[in-house]
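Q:
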Amino acid sequence: MKTVLTVVAAMLLVIGAVACVEIRVGASDDAETEEAAAATAVALNQLSAEEMEAGFQSLFDGESLDRWRGFKLDQVPAGWSAADGVVHFLPPTGDDAGPRADLLTREQYRNFEFRFDWAVTPGGNSGVMFHVSEDAPASYSTGPEFQILDDDGHRDGQRLETSAASNYALHARQGGELVPVGEFNTSALRVEGNRVTHWLNGEKVVEYVLWDDDWNALVQASKFASMPGYGMMETGHIALQDHGNEIWFRNLRVLVLPD
13 MKTVLTVVAA MLLVIGAVAC VEIRVGASDD AETEEAAAAT AVALNQLSAE EMEAGFQSLF
73 DGESLDRWRG FKLDQVPAGW SAADGVVHFL PPTGDDAGPR ADLLTREQYR NFEFRFDWAV
133 TPGGNSGVMF HVSEDAPASY STGPEFQILD DDGHRDGQRL ETSAASNYAL HARQGGELVP
193 VGEFNTSALR VEGNRVTHWL NGEKVVEYVL WDDDWNALVQ ASKFASMPGY GMMETGHIAL
253 QDHGNEIWFR NLRVLVLPD
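Numbers in the working numbering are just positions in the sequence shown, counted from 1, shifted up by 12.
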């Protein structure tokens, strides 16, 4: 296990070095052709040789959201789009914008490693949730959350238990450095049985065990105590959260692990 974690850390460091670049959305200062822009979008989201060998699957090709839909919806919810090689959420305006919802994988996953890059605007807040069940009122009703946040610009950043890369409201981030707002952080969420690990820019920052005494005590002392299904699912969807703030994701890929 130690060797595996070392290899994962090294791979994430390499990916992080590439990922920590300025967000490119909308019009470019360069006179890029549409064809060149499309090629760049695809290249940004390609699996590495190591990921292909390990068996990772891409969940985003840089152009479409075919592998995603809304929570309790059959279509992509309002505000979510794919452009310039990123998944972009911009809160919609107007009464005719359509239904709002978190973005869900069409597939469900039990044991997996999910790798993703994310960037926020000043004060931005979002999250990645796992083992999400649509029998509940919301994604967060069942899915533990890898917190996504501008720590310096949001009040939740003042507490490690709710800061970026924490297991939101339960397990604090230990170490790890965020890149400046407007640049991409690289992260990973790994679930193996009841063991969950968070990675931030190449560093393991959270590790916890679902359903043990510590977990149960933390849940009972939190707002999740009123949600009977919280964290109890053994399989489910991965969700990208609509928290009302602009957010970007890219390099979304998943490795299915043995049961």
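Heads up, the beta-carbon is just placed ideally off N, CA and C, and yes, glycines get one too. In this text, all values refer to a predicted model and were calculated from it rather than measured experimentally.
When the Cα atoms are used, what is the spatial distance from Leu-102 to Ser-70?
A: Roughly 23 Å separates the two Cα atoms.
Q: In the DSSP assignment, find the unbroken beta strand (DSSP E) run with Gln-159 in it and report its ends.
A: That run of the beta strand (DSSP E) goes 157 to 161.
Q: Can you tell me whether Leu-264 is helix, strand or coil according to DSSP?
A: Three-state result, Leu-264: strand.
Q: Look up Trp-227 in the DSSP assignment and say whether it is helix, strand or coil.
A: The answer is helix: DSSP assigns Trp-227 an H, G or I state.
Q: Can you tell me which of the three DSSP states Ala-131 falls into?
A: Note: Ala-131 maps to strand in three-state DSSP.
Q: Quick one, which of Val-208, Pro-192, Ala-181 has its alpha-carbon nearest Ala-229's?
A: It is Ala-181.
Q: Determine the burial state of Ser-178: buried for a count of at least 16 other Cβ atoms within 10 Å of its Cβ, exposed for fewer.
A: Per the 10 Å Cβ criterion, buried.
Q: Does DSSP classify Lys-216 as helix, strand or coil?
A: Of the three classes helix, strand and coil, the one that applies to Lys-216 here is strand, per DSSP.
Q: Report the three-state DSSP secondary structure of Phe-196 (helix, strand or coil).
A: Coil at Phe-196, not helix or strand.
Q: With respect to the beta strand (DSSP E) encompassing Met-244, which residues constitute its N-terminal and C-terminal limits?
A: Element bounds for Met-244: n/a, residue is neither H nor E.
Q: My parser needs the beta strand (DSSP E) runs of 3 or more residues fully inside the segment 96 to 152; what are they?
A: Listed in chain order, they are 98 to 101, 115 to 117, 124 to 132, 137 to 144.
Q: Short of 6 Å in beta carbon distance, which residues of its chain neighbour Ser-175, apart from the five on each side in sequence? Order them along the chain.
A: Cβ within range, chain order: Asp-163, Gly-169, Arg-185.
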